[in-house]
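Undergrad:
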Amino acid sequence: MIFPRQKIYDFDGMKILSNKQTSVDSKNIREKFINQLRIEKTYNLYFTSKGRTALFLIIKYLIKKKGKVEFLLSPFTIFDVVNMIIIAGGKPIFIDFKKDSFDFDEQKLSDNISQKSCALIVCHYSFNQKLDNIKEICKKNDIELIQDCAISLPSKKNNESIFNQSKFSFISFNIFKFLPCIYGGAVVTNDESFHNFFEKETKNWEYYKFNDLIEYFFKAIKFRLFTNTIIFNLFTFWIIKIGEKFNIEIITKSTKNDPNPVLKTNLDFSLKKKLTTGQIHNLKKQLSKVEKFRKVRIKNYKILNLNILNKKLTKIRYETDLEDSSCLNFPIIADDKERFSRYLFKNNIDHSKYFYRNCSNLKIFDEYNTYCKNIDTLEKKLIFFPTHHNISGNQIANLIKIVNNY
Numbered sequence: 359m360i361f362p363r364q365k366i367y368d369f370d371g372m373k374i375l376s377n378k379q380t381s382v383d384s385k386n387i388r389e390k391f392i393n394q395l396r397i398e399k400t401y402n403l404y405f406t407s408k409g410r411t412a413l414f415l416i417i418k419y420l421i422k423k424k425g426k427v428e429f430l431l432s433p434f435t436i437f438d439v440v441n442m443i444i445i446a447g448g449k450p451i452f453i454d455f456k457k458d459s460f461d462f463d464e465q466k467l468s469d470n471i472s473q474k475s476c477a478l479i480v481c482h483y484s485f486n487q488k489l490d491n492i493k494e495i496c497k498k499n500d501i502e503l504i505q506d507c508a509i510s511l512p513s514k515k516n517n518e519s520i521f522n523q524s525k526f527s528f529i530s531f532n533i534f535k536f537l538p539c540i541y542g543g544a545v546v547t548n549d550e551s552f553h554n555f556f557e558k559e560t561k562n563w564e565y566y567k568f569n570d571l572i573e574y575f576f577k578a579i580k581f582r583l584f585t586n587t588i589i590f591n592l593f594t595f596w597i598i599k600i601g602e603k604f605n606i607e608i609i610t611k612s613t614k615n616d617p618n619p620v621l622k623t624n625l626d627f628s629l630k631k632k633l634t635t636g637q638i639h640n641l642k643k644q645l646s647k648v649e650k651f652r653k654v655r656i657k658n659y660k661i662l663n664l665n666i667l668n669k670k671l672t673k674i675r676y677e678t679d680l681e682d683s684s685c686l687n688f689p690i691i692a693d694d695k696e697r698f699s700r701y702l703f704k705n706n707i708d709h710s711k712y713f714y715r716n717c718s719n720l721k722i723f724d725e726y727n728t729y730c731k732n733i734d735t736l737e738k739k740l741i742f743f744p745t746h747h748n749i750s751g752n753q754i755a756n757l758i759k760i761v762n763n764y
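Heads up: take any position in the sequence shown, counting from 1, add 358, and you land on my numbering.
#1: By Cβ distance, which residues of its chain are closer than 7 Å to Asn377, with the 5 residues on each side in sequence left out?
#2: Which residues in the same chain have their Cβ closer than 8 Å to the Cβ of Leu467, if we skip the five residues on either side of it in sequence?
#3: Classify Gly636 as helix, strand or coil using the three-state DSSP reduction.
#4: Rounded to the nearest angstrom, what separates Ala412 and Gln644 at their Cα positions?
#5: Quick check: the Cα distance between Cys730 and Ser718, rounded to an integer number of angstroms?
#6: List in chain order: all unbroken alpha helix (DSSP H) runs of 4+ residues lying wholly within the stretch 517-585.
#7: Taking just the CA atoms, how far does His747 sit from Asn705?
#8: Can you tell me whether Ser407 is helix, strand or coil according to DSSP?
#9: To the nearest angstrom, how far is the alpha carbon of Ser646 from that of Asn663?
#10: His639: which of Val440, Phe405 and Phe521 sits nearest, CA to CA?
#11: Since I believe Ser524 is in contact with Arg543 (beta carbons under 8 Å), could you give me their beta-carbon distance rounded to a whole number of angstroms?
#12: Using the Cβ count rule (16 or more neighbours within 10 Å means buried), how would you classify Lys418?
#13: Determine the burial state of Ala755: buried for a count of at least 16 other Cβ atoms within 10 Å of its Cβ, exposed for fewer.
#14: Tell me which same chain residues have a C-beta within less than 7 Å of the C-beta of Leu720, skipping the five on either side of it?
#15: So, are the CB atoms of Ile366 and Ala692 less than 8 Å apart?
#16: Report all residues from its chain with a CB closer than 7 Å to the CB of Cys481; omit the five preceding and five following residues, and keep chain order.
#17: Classify Ser472 as helix, strand or coil using the three-state DSSP reduction.
#18: Quick one: grab the DSSP three-state call for Arg388.
#19: When you compare the CB positions of Phe521 and Ile397, do they come within less than 8 Å of one another, or not?
#20: If you drop the 5 nearest sequence neighbours on each side, which residues of the same chain put their C-beta closer than 7 Å to that of Asn658?
#21: Comparing C-alpha positions only, which one of Arg697, Ile501 and Arg410 sits nearest to Leu420?
Right, here's the structure in full:
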């Protein structure tokens with residue numbers, strides 16, 4: 359059986375759609391989140407329409423508080439992360455990675471900090487960024503550290519939540535995330551002054567309505583249908599395979615999470631929303647499963663990391679403990695990405711040639727263009743394998759065998 363690169367974690371879509379209440383015991387649910395994720399009691403959690411909305415609010419707040427507009431970040435991200443900085447009144451400053459790594463080049467980070475620097479945005483990928491040195495750099499230069507935990511919600515450090523490592527973090531809860539929902543995000547912060555800013559900023563935002571949610575609900579249904587074991591093996595995989603082989607744009611674009619980059623200068627009305635009772639209760643219900651599935655992904659990642667031993671391929675270097683990480687997927691570097699991908703499809707191994715793009719190369723962000731050599735190389739060479747809980751031991755063994763025979 360061929361297994362898909364991605365699966366949706368379970369969520370109760372029908373209850374989200376049918377729930378008409380708008381009031382919720384937010385204090386009780388926030389405490390549940392704080393306790394379940396092992397976040398320190400000094401932190402609070404503010405629900406938002408999406409993860410990008412949470413980032414927008416953090417950026418806008420910090421510009422107002424500190425009077426500085428430059429935000430340092432990796433360009434290896436979705437384009438709307440960059441848009442949120444611009445819309446909030448900030449200026450993105452792109453920082454390169456170390457070679458064959460998702461970790462910042464600390465020297466380049468230090469070199470790009472100026473009197474206008476407000477904060478550094480750190481994205482945790484399959485494994486966490488090494489934060490100790492980064493925190494020291496931020497402290498030395500009096501800039502805030504913002505953690506992008508959109509794909510690393512359950513990550514830890516010293517057996518505590520990764521959120522405890524900075525004053526500001528943000529989460530995303532959409533259907534493809536570890537804590538799935540029809541939309542949703544959150545700000546996590548221990549900055550007490552943020553509360554009044556948040557309440558004032560979102561005061562007139564409306565709750566999500568049925569019509570706002572139904573389209574995304576059907577997207578989830580469609581994705582589940584196409585990744586159903588039987589349908590994926592008989593139909594979906596072969597469509598993807600044909601699309602990649604003949605470079606059929608309508609098919610190759612459908613496998614990307616942000617296929618159409620657009621420069622935005624105003625916050626979309628669709629983001630000015632509040633979560634309903636149904637959405638928040640769905641999140642609360644799924645919380646207990648997050649750590650369980652993280653441990654499965656860690657186990658699968660370790661098996662792949664230990665047993666893939668092909669000298670033609672390079673494994674991503676990481677400097678943090680895998681036990682602390684989300685292990686969302688297994689990235690590997692192939693010098694000839696297209697050749698390796700064709701080999702994998704020929705052997706019926708689903709994989710992703712794309713996860714994030716190098717936003718510093720996008721024409722829409724020409725004004726902020728910075729040459730990030732190592733990220734540029736990574737984007738052209740990265741292949742991602744799944745680590746999710748639906749993969750069997752035999753399927754992982756088969757994947758390893760085929761990769762090692764390349």
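Where is the CB? At the ideal position from N, CA and C, for every residue including glycine.
TA: Let me lay it out:
#1: Thr634, Thr635 and Gly636
#2: Leu430, Ile453, Leu478, Ile492 and Ile495
#3: helix
#4: 21 Å
#5: 8 Å
#6: The qualifying runs are 552-560 and 568-584.
#7: 22 Å
#8: coil
#9: 27 Å
#10: Phe405
#11: Looking at the sequence provided, one finds Gly at residue 543 rather than Arg. Rounded to the nearest angstrom, the Cβ distance from Gly543 to Ser524 is 17 Å, too far for a contact under 8 Å.
#12: buried
#13: exposed
#14: Phe437 and Pro619
#15: The Cβ atoms of Ile366 and Ala692 do not sit closer than 8 Å to each other.
#16: In chain order, Ser432, Thr435 and Asp506 place their CB closer than 7 Å to the CB of Cys481, counting only its own chain and leaving out the 5 sequence neighbours on each side.
#17: Ser472: coil per DSSP, three-state reduction.
#18: The answer is helix: DSSP assigns Arg388 an H, G or I state.
#19: Yes, the pair counts as a contact, with Cβ atoms nearer than the cut-off.
#20: Thr745, Ile749 and Ile754
#21: Ile501
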